[in-house]
Amino acid sequence: MRPTILSRTRRWLGASTLALMVGIGGVSTAYVLTGQVANAQVQPAAQIVVPPTAVPQAGFADLVEAVKPAVVSILVEAQDSSAPRNVQRGGGQFQFQFPDLPPDHPFHDFFNQFGNGQGGGNGPQGGAPEQEPRRYMAAGSGFVISGDGYIVTNNHVVADATKVTVVFDDGTEKEAKIVGTDERTDLAVVKIEGTDLPFVKFDEAPPRVGDWVVAIGNPFGLGGTVTAGVISASGRNIGGSNYGDFLQIDAAVNSGNSGGPAFNSKGEVVGVNTAIYSPNGGNVGIAFAIPAATVKAIAGQLIESGSVTRGYLGVSIQDVTRDIADGVGLANAKGAIVRDAAPDGPAGPAGVKSGDIITAVDGTPIDDALGLSRTIANKAPDSTVELTIWRDGKETKLSVKLGKLNEEVAQNEQNTPTPPAPVAPTPSSVGITLVPNSDGSGGLLIQDVDADSQAASKGLAVGDSILEVDNKPVSSVQEFESALDAVKARGLNTALVKASRDGEARFIGLPLGN
């Protein structure tokens, strides 16, 4: 039955146009050998005898044999009426498609029968995709988390699916229904009918960098492929995700292992393989997995309600740099500085203001803006949180009742300011020439920047607006200079400046020295 399954999978791989999404998952591995190096005793015309001390460390065969029945291949029939599936997620090098193959590569002809051999279109000769609506087939991975048939995979594996088929390691096939998906974390839960099914559990303790991991999945339709490696890093942010907090692993993963599990040495799931970093779509030993704690929480909500709800604070934020910390007298450059608080959001009415630096939530330290986003997103809507805030050189606390995050409030409004007419530009003491903003929005418009100034080194440019200095609004050059003098009078060498570019406000720590 295996050849039939592999044949079906190959057809689906091609039709997916590399809908085979996120390269994630497995290749083969070689285990590290420990012990003394074999000192073979070579004798003329005699058999070589390897010393008994040259015994390799026990591998992962027992672990794999135990967990494999719970790891499945996910086969998807889908219809996409919008765009081809050979897209990249997160920009840069995060590619979700077949690897580029040179014309003389031995697998070039094999993949070319499904597309253009380069992860391109799926037209008759590998050209542009056929006209919409386009039907395609794709393959990914998943794993069973309960005896009654709930299965975790990636959202992008089952996106646009009209039919989902689950294939077990023994060849058993079962049709599945989608229980719920969450695009923000790229997780999904599907369900098959059954009782007393083999399932695996999540690791309860956070994994450590250097721990062993074993990835099992369905790369390029080769179901049941096993690879091994270690956790290379944790807390990785890829593609600007506010909810990922990824584990980085070096177990070989490739297209088709999306949604597959990464196990620790005890056979517990430590993460869901979801992305690779690659210059050409192939494995280079850098893969990313969604941590088990995140998967467990999201899967629980999807099973319970079919959707995920997140807390909403109603602020736009940025990281606290060393310069910003110096500008407000904060000892450590940690936390998230509030650029704006929505007047109709939870934070604004509770007293949170622009320029506040949030350093902790419910006593948990906040390292940066991403940390605050993740912390708030993990809180339940309508719950009350205590924010520790640095304001006016001292620490204060505010209680905020969170709202519910939705896609509309999650998007920052992008407003393009009306270009002001140049009026009486005036040089300042920090290497920028300013003019009052004539569009009525307040602040000062930068007309010129000295290339050798600290302002230029901090990224201020012609066309930027200066809104505040030291958390005080400025609308004239005189107010700007007075605010700088007040900062110096307090013994500080850096001023906290709130600037705006293309309607997007940000804070800058502007050194006041030469």
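First residue of the sequence shown? That's 14 in our numbering, and the numbers climb one at a time after it.
Even glycine gets a Cβ: it sits at the ideal position worked out from N, Cα and C.
Name the two residues that bound the continuous beta strand (DSSP E) containing F259. As a first step, residue 259 must be located in the sequence shown, where it is residue number 246. F259: member of the beta strand (DSSP E) spanning 259–262, first to last residue.
Taking buried to mean at least 16 other C-beta atoms within 10 Å of its own C-beta, is G103 buried or exposed? In the sequence shown, the residue the question calls residue 103 occupies position 90. In this prediction, G103 scores a pLDDT of 36, lower than 50, which makes its location untrustworthy; the coordinate-derived value is nonetheless stated afterwards. Answer is buried; the Cβ neighbour count reaches 16.
What does a CB cutoff of less than 8 angstroms around A393 pick up in its chain, not counting 5 residues either side in sequence? On the sequence shown, residue 393 is found 380 positions in, with the first residue counted as 1. The beta carbon of A393 lies closer than 8 angstroms to those of T322, G324, L415 in the same chain, with the five residues before and after it left out.
Top-ranked residue by Cα proximity to N277, from D216, S271, N484, Y290: Position 264 of the sequence shown, counted from the start, is the residue given in the question as residue 277. For N277, the nearest C-alpha among the options comes from D216.
Which same chain residues end up closer than 8 angstroms to S320 when comparing Cβ atoms and leaving out the 5 residues on each side of it in sequence? The residue labelled residue 320 in the question sits at position 307 within the sequence shown. Within the same chain, S320 has close Cβ partners G193, D195, Q314.
Would the beta-carbon of N158 fall within 8 angstroms of that of F212? If you number the sequence shown from 1, residue 158 lands on position 145. If you number the sequence shown from 1, residue 212 lands on position 199. It should be pointed out that residue 158 corresponds to Ile in this sequence rather than to Asn. Yes, Cβ-Cβ distance for I158 and F212 is below 8 angstroms.
Bounding residues of the alpha helix (DSSP H) (the contiguous stretch that carries D9): One cannot answer for residue 9 here, as it falls past the ends of the chain, which runs 14 to 527.
State the Cα-Cα distance for the pair K81 and P220, rounded to the nearest angstrom. Stepping through the sequence shown from its first residue, residue 81 is reached at position 68. Stepping through the sequence shown from its first residue, residue 220 is reached at position 207. Approximately 21 angstroms between the Cα atoms of the pair.
Please classify D183: is it buried, with 16 or more other beta-carbons within 10 angstroms of its beta-carbon, or exposed? Within the sequence shown, residue 183 is the residue found at index 170, counting from 1. Exposed.
Report the start-end ranges of each beta strand (DSSP E) in the region 72–97 that is 3 residues or longer and not cut off at the edges. Taking only runs of at least 3 residues, the beta strand (DSSP E) segments lying wholly in the region 72–97 are 84–93.
Going by DSSP, name the residue or residues bridged to E399. Within the sequence shown, the letter at position 386 stands for residue 399. Note: E399 sits in a beta bridge opposite S412.
With a cut-off of 8 angstroms on the beta carbons, I'd call I316 and G348 a contact; round off their distance for me. Counted from its first residue, the sequence shown places residue 316 at position 303. Counted from its first residue, the sequence shown places residue 348 at position 335. Not really, about 35 angstroms apart at Cβ, beyond 8 angstroms.
E206 burial status per 10 Å Cβ neighbour count (16 or more: buried): The count along the sequence shown starts at 1 and reaches residue 206 at position 193. When all chains shown are included, E206 counts as exposed.
Secondary structure at D339, three-state DSSP: helix, strand or coil? Walking along the sequence shown from the start, residue 339 turns up at place 326. It is helical.
Just the Cα atoms here: how many angstroms apart are A508 and P378? By one-based count along the sequence shown, residue 508 stands at place 495. By one-based count along the sequence shown, residue 378 stands at place 365. Cα to Cα, the separation comes out at about 25 angstroms.
Those runs of the beta strand (DSSP E) which lie wholly inside the region 343–378 and span at least 3 residues: Here the runs fully enclosed are 349–354, 370–374.
Which residue's Cα is closest to the Cα of I245: G298, V180, K407, V510? For the purposes of this step, residue 245 is identified with residue 232 of the sequence shown, where counting begins at 1. It is worth fixing the name first, because residue 245 is Ser in this sequence and not Ile. For S245, the nearest C-alpha among the options comes from G298.
Whole angstroms is fine: what's the gap from P274's alpha carbon to D199's? Numbered from its first residue, the sequence shown carries residue 274 at position 261. Numbered from its first residue, the sequence shown carries residue 199 at position 186. Distance between P274 and D199, taken at the CA atoms: about 14 angstroms.
Find out if the Cβ-Cβ distance for the pair V443, V365 is shorter than 8 angstroms. What you label residue 443 is simply residue 430 of the sequence shown in a count that begins at 1. What you label residue 365 is simply residue 352 of the sequence shown in a count that begins at 1. Judged by their CB atoms, V443 and V365 are not nearer to each other than the 8 angstroms cut-off.
Do the region 464–477 and the region 485–493 touch if we need at least three Cβ pairs shorter than 8 angstroms? Contact fails between the region 464–477 and the region 485–493, because fewer than three Cβ pairs, one in each stretch, are under 8 angstroms apart.
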